[in-house]
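Just so you know, the sequences run in chain order W and L. The opening position of the first sequence corresponds to residue 9 in our numbering, with each subsequent residue numbered one higher. The opening position of the second sequence corresponds to residue 215 in our numbering, with each subsequent residue numbered one higher. Each residue gets a CB set at the ideal place from its N, CA and C atoms; glycine is no exception. Data first, discussion second: the structure below is written as structure tokens.
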Amino acid sequence: MEVTDIIKAENLIYKRTPLLTENILSYCPGCGHGTVHRLIMETIEEMGIQSQTIGVAPVGCSVLAYQFMDIDMQQAAHGRAPAVATGIKRVMPEKFVFTYQGDGDLAAIGTAETIHACNRGENITIIFINNGIYGMTGGQMAPTTLAGMVTSTSPYGRNTAMMGNPIKMTELVAQLPGTYYVTRQAVHTPAAVRKCKKAIRKAFENQKLNKGVSFVEVVSNCNSGWKMTPNQANIWMEENMFPFYPLGDIKVPEDSL
Amino acid sequence: MERDFRLMKGNEAIAEAAIRAGADAYYGYPITPQSEIIEYLMAEKAYDRTGMVVLQAESEIAAINMVYGAAACGRRAMTSSSSPGISLKQEGISYIAGAELPCLIVNVVRGGPGLGTIQPSQSDYFQSTKGGGHGDYRLLVLAPASVQESSDFVELAFDLAFKYRNPVLILSDGVIGQMMEKVELKPQRKRLTEYENWSTTGKTPDRQRNIITSLELDAHKQELINIRIQAKYKRMQEEEVRYEKILCDDAEYMIVAFGSSARICEKAVHVARGKGIKVGLFRPITLFPYPSKPIEEMADKLKGILTVEMNAGQMVEDVRLAVNGKVKVEYFGRLGGVIPSPSEVLNALEEKIIGGK
Chain W
9 MEVTDIIKAE
19 NLIYKRTPLL
29 TENILSYCPG
39 CGHGTVHRLI
49 METIEEMGIQ
59 SQTIGVAPVG
69 CSVLAYQFMD
79 IDMQQAAHGR
89 APAVATGIKR
99 VMPEKFVFTY
109 QGDGDLAAIG
119 TAETIHACNR
129 GENITIIFIN
139 NGIYGMTGGQ
149 MAPTTLAGMV
159 TSTSPYGRNT
169 AMMGNPIKMT
179 ELVAQLPGTY
189 YVTRQAVHTP
199 AAVRKCKKAI
209 RKAFENQKLN
219 KGVSFVEVVS
229 NCNSGWKMTP
239 NQANIWMEEN
249 MFPFYPLGDI
259 KVPEDSL
Chain L
215 MERDFRLMKG
225 NEAIAEAAIR
235 AGADAYYGYP
245 ITPQSEIIEY
255 LMAEKAYDRT
265 GMVVLQAESE
275 IAAINMVYGA
285 AACGRRAMTS
295 SSSPGISLKQ
305 EGISYIAGAE
315 LPCLIVNVVR
325 GGPGLGTIQP
335 SQSDYFQSTK
345 GGGHGDYRLL
355 VLAPASVQES
365 SDFVELAFDL
375 AFKYRNPVLI
385 LSDGVIGQMM
395 EKVELKPQRK
405 RLTEYENWST
415 TGKTPDRQRN
425 IITSLELDAH
435 KQELINIRIQ
445 AKYKRMQEEE
455 VRYEKILCDD
465 AEYMIVAFGS
475 SARICEKAVH
485 VARGKGIKVG
495 LFRPITLFPY
505 PSKPIEEMAD
515 KLKGILTVEM
525 NAGQMVEDVR
535 LAVNGKVKVE
545 YFGRLGGVIP
555 SPSEVLNALE
565 EKIIGGK
């Protein structure tokens, strides 16, 4: 059988959503960002809400997300995406507004904005990519860096007595009355990707209900920052990240149980 | 239509004017001496009157970033604060200037540095007119000298902000913000119903996606953005200079002062005229663009210029630049929240300008 026999239209079972632009992703091969971008864009396509969605991507590896997502987008200052999203959603409550934030952004410099947007119960979706490291700036310690984990600013491993403890923001925001749906997912296996997509879909659907923040953490690898191959990084993530950041729903709306 | 006069504080006048100017959103955080602005908007139920969003943010930083979000949707968005809070907002203001978004920022200045005092000051002149945050940018700065101007400048500020896609700052101070005067209010203007074609309101099939960003990693492209932004500031300098001249036609001496200092100096000028001193008052209304040319044009006719500022001498640098050595320029001011009296101003004029050689 020739290649041309295989790539016929009738054999097509999957294709790139047109809501992802044709720009080449700036992410390292093996990184989870690209997969999560795809899931969000597929969700927006499937819900038919491209014309009603505004995304906010602050500083971090994903600061250039607007080059890859074919929707109206705002680039925000480091940590400020939940405040920017609040500003948008308050003047356009009928639109779908989401932020796409890394761990340094959401759990360190933007802690106040995250906590208060969640506490006010803004009707937005927060996608939180947690890879335990500052990827864009070259692998420095993040608020979510595990105890003992080696980074460029914890070169002998994170010493919690000296450098503090990794923070579980997702458990923290689940305590707030303004969050409606809080979950932790991953995208390192096909099964995890399918689960994660369901969670993202729910997090967007929830905006129609006006019941508060939907918060989706995605525990992801950073093979470049972790100095591993993508495969090693995924194994390391399962063995080290998941025990501390266990996957699954943390807060599920009572009316949806 | 019947004219609408009220007795109001400067801060309240700004809040009322914001509702009437058809503002879409106010995001703020309490700080003395400007908290009346958000208090008034909440008490007036601005959201019931016009649908305007009024939200108390968790910080100055969050408030200015909420303004960023709403402004990027093409809305008339504003915030207000006082000096320490405005310092906190500088990151966001730089991003707003870099992303070329229109918005209104009000600074009701108090004395610094640091936590300083809650008393009135003009010590944020440099911060307001020379950039404030990081990067090469300017705000268009309007300095009201009365409650009436506090009110009038709100609608003007929004219109200028949209004309230039640039943040506009109303530089008030603790005197103007807290004192009560008669003010004639403008009629209610409608909120926007159509939004600029660059705004992020959701990508429709008939257009490309709209991206609001201040990021450009390619230095050569970033330079082009900077050149475009600088051209905008040049256009402001050509088209938006505003000032007032009082008794300047036959003046031998001139006081240059803005905001509440100008009010004090106006009194000093009248007292001086009573003593036979031919002095006039030049009041810059836009602090950026600065009225350099009109001041320069006066220079040949004058024997001396005194700037009066509630700071350690900031605007005096711009006056000296404007006259470029043609005439002597001296400064008088009080610091740290102390308000100069008209007699102190007159003494300074006599000692530093008229008596001084």
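Pairwise C-alpha distance: residue 239/W and residue 15/W: Here residue 15/W refers to the residue found at position 7 when the first sequence is read from its first residue. Here residue 239/W refers to the residue found at position 231 when the first sequence is read from its first residue. One C-alpha to the other measures close to 29 Å.
Range covered by the beta strand (DSSP E) that runs through residue 191/W: Here residue 191/W corresponds to residue number 183 of the first sequence, with the count starting at 1. Segment 187 to 194, the beta strand (DSSP E) holding residue 191/W.
Taking 8 Å as the CB-CB limit, is residue 280/L close to chain W? Taking the second sequence and counting its residues from 1, one reaches residue 280/L at position 66. It does; some Cβ of chain W falls within 8 Å.
Here's the rule: buried if 16 or more other CB atoms are within 10 angstroms of the residue's CB, otherwise exposed. What is residue 571/L? Numbered from 1 along the second sequence, position 357 holds the residue referred to as residue 571/L. In this prediction, residue 571/L has a pLDDT of 48, which is less than 50 and means its spatial position is unreliable; what the coordinates show is noted afterwards. Label assigned to residue 571/L: exposed.
Within 8 Å, do at least three Cβ pairs link the segment 487 to 498 of chain L to the segment 296 to 305 of chain L? no
Same chain, Cβ closer than 6 Å to residue 400/L, five either side skipped, listed in chain order: To locate residue 400/L, count along the second sequence from 1; it is residue 186. Correct list, in chain order: 234.
Those residues which DSSP pairs with residue 165/W across a bridge: One-based indexing of the first sequence puts residue 165/W at position 157. Per DSSP, none; premise fails for residue 165/W.
Note down, in chain order, every chain W residue with its Cβ under 8 Å from the Cβ of residue 429/L. Numbered from its first residue, the second sequence carries residue 429/L at position 215. Going along chain W in sequence order, the residues near residue 429/L (Cβ under 8 Å) are 71, 72 and 83.
What in chain L is Cβ-close to residue 61/W, meaning under 7 Å? Numbered from its first residue, the first sequence carries residue 61/W at position 53. The contacting residues are 416.
Which complete alpha helix (DSSP H) runs does the segment 523 to 549 of chain L hold, if anything under 4 residues is left out? 529 to 537
Among 12/W, 116/W and 104/W, which has the Cα closest to the Cα of residue 55/W? Position 47 of the first sequence, counted from the start, is the residue given in the question as residue 55/W. It is 104/W.
Cutting at 6 Å between CB atoms, please list the residues of its own chain near residue 196/W, excluding the five before and the five after it. For the purposes of this step, residue 196/W is taken as the residue at position 188 of the first sequence. The residues are 242.
Residue 41/W to residue 238/L span [Cα, whole Å]: As a working note, residue 41/W is residue 33 in the first sequence. As a working note, residue 238/L is residue 24 in the second sequence. For residue 41/W and residue 238/L, the distance between alpha carbons rounds to 35 Å.
In or out: residue 24/W buried (at least 16 other Cβ within 10 Å) or exposed? If you number the first sequence from 1, residue 24/W lands on position 16. Under this definition residue 24/W is an exposed residue.
Is there contact between the segment 414 to 432 of chain L and the segment 457 to 477 of chain L, where contact requires at least three CB pairs shorter than 8 Å? no
Short of 7 Å in beta carbon distance, which residues of its chain neighbour residue 480/L, apart from the five on each side in sequence? Order them along the chain. Along the second sequence, one-based indexing puts residue 480/L at 266. Taken in chain order, the residues that qualify are 460 and 495.
Give me the DSSP bridge partner(s) of residue 106/W. For the purposes of this step, residue 106/W is identified with residue 98 of the first sequence, where counting begins at 1. Residue 106/W pairs with 63/W and 133/W.
For residue 228/W versus residue 189/W, is the C-beta distance shorter than 8 Å? Position 220 of the first sequence holds residue 228/W. Position 181 of the first sequence holds residue 189/W. Not in contact: residue 228/W and residue 189/W (Cβ atoms no closer than 8 Å).
Let me check understanding here. Comparing Cα to Cα, which of 109/W, 81/W and 125/W lies closest to residue 67/W? Here residue 67/W refers to the residue found at position 59 of the first sequence. Closest by alpha carbon: 109/W.
Any beta carbon of chain W sitting closer than 8 Å to that of residue 289/L? Within the second sequence, the letter at position 75 stands for residue 289/L. Closer than 8 Å: yes.
Go ahead and label residue 291/L buried or exposed: buried means 16 or more other beta carbons lie within 10 angstroms of its beta carbon, across all protein chains shown. Counting from one through the second sequence, the residue named residue 291/L turns up at place 77. Looking at its Cβ environment, which holds 16 or more other Cβ atoms inside 10 Å, residue 291/L is buried.
Between which two residues does the alpha helix (DSSP H) containing residue 306/L stretch? Along the second sequence, one-based indexing puts residue 306/L at 92. 297 to 312 is the span of the alpha helix (DSSP H), which, as asked, contains residue 306/L.
Determine the direct distance from the alpha carbon of residue 178/W to that of residue 115/W, and round the result to whole angstroms. By one-based count along the first sequence, residue 115/W stands at place 107. By one-based count along the first sequence, residue 178/W stands at place 170. Taking the straight line from one Cα to the other gives about 9 Å.
Which whole-angstrom value describes the C-beta separation of residue 248/L and residue 320/L, a residue pair presumed to lie in contact below a C-beta threshold of 8 Å? What you label residue 248/L is simply residue 34 of the second sequence in a count that begins at 1. What you label residue 320/L is simply residue 106 of the second sequence in a count that begins at 1. Yes, they are in contact, since the Cβ atoms of residue 248/L and residue 320/L sit about 7 Å apart, within 8 Å.
Taking the beta carbon of residue 221/L as the centre, do at least 16 other beta carbons fall within 10 Å, making it buried, or is it exposed? Along the second sequence, read from residue 1 onward, the residue named residue 221/L stands at position 7. The residue is exposed, with fewer than 16 neighbouring Cβ atoms inside 10 Å.
Specify whether the segment 532 to 540 of chain L and the segment 380 to 397 of chain L touch according to this definition: at least 3 beta carbon pairs, one from each stretch, less than 8 Å apart. no
Specify the secondary structure class of residue 81/W as computed by DSSP and reduced to three states. Numbered from 1 along the first sequence, position 73 holds the residue referred to as residue 81/W. It is a strand residue.
Does at least one heavy atom of the ligand ZN sit under 7 Å from the Cβ of residue 526/L? The ligand ZN is not part of the structure shown, which contains no ligands of any sort.
Is residue 31/W buried or exposed, if buried means 16 or more other CB atoms sit within 10 Å of its CB? Within the first sequence, residue 31/W is the residue found at index 23, counting from 1. Counting Cβ neighbours within 10 Å, residue 31/W comes out exposed, since fewer than 16 surround it.
Taking C-beta to C-beta, are residue 521/L and residue 355/L nearer than 8 Å? Walking along the second sequence from the start, residue 521/L turns up at place 307. Walking along the second sequence from the start, residue 355/L turns up at place 141. No. Outside cutoff.
Locate the beta strand (DSSP E) running through residue 500/L, then write down its first and last residues. In the second sequence, counting from the first residue as 1, residue 500/L sits at position 286. Here the beta strand (DSSP E) through residue 500/L covers 500 to 502.
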